[in-house]
Amino acid sequence: MDITPLIPADRQVIDAYGPGRFRVSNVVYETPIIVFPDRTIPWTVDGFAGLRPDDFAALIAEQPPLEIVLLGTGPTMQLFTSTLRRAVKERGLGGIDAMDTGAACRTYNVLLAEGRRVAAALLPA
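Heads up: the sequence shown begins at 1 in this note's numbering, then just goes up one per residue.
So this is what it looks like as structure tokens:
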């Protein structure tokens, strides 16, 4: 089902994803990225195992606050450590849903079409 007609033209839509790359609103990225409804930024991280609380600063700083943050963990779903989850929550980002990157891309587009304040932090698959 193509939901892109339901999304306003000024929103960032994840058009495609694949090994080592993303296409968001017709722009190709070959690095980890964070996709907000109004912009996409590079995400300088050292893979899932290297994630630190400071890596979520752009998501924490977003105003108005995000309703939902999706974390695309790569080709397979990986779990946050309780230490990292707690540290990120203490900095002000409570709800992060981790899933494989493909699921995060699809879920982001659906939530965006619903008009939700969503962001996706994506590691390449």
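Glycine included, every Cβ here is placed at the ideal spot set by N, Cα and C.
{"Asked": "CA-to-CA distance, valine 88 to glycine 94, given in whole angstroms", "Found": "7 Å"}
{"Asked": "Per DSSP, the bridge partner or partners of arginine 21", "Found": "Gly18"}
{"Asked": "Cα-Cα separation, aspartate 38 to valine 118", "Found": "10 Å"}
{"Asked": "CA-to-CA distance, leucine 122 to threonine 44, given in whole angstroms", "Found": "11 Å"}
{"Asked": "For threonine 31, three-class secondary structure by DSSP", "Found": "coil"}
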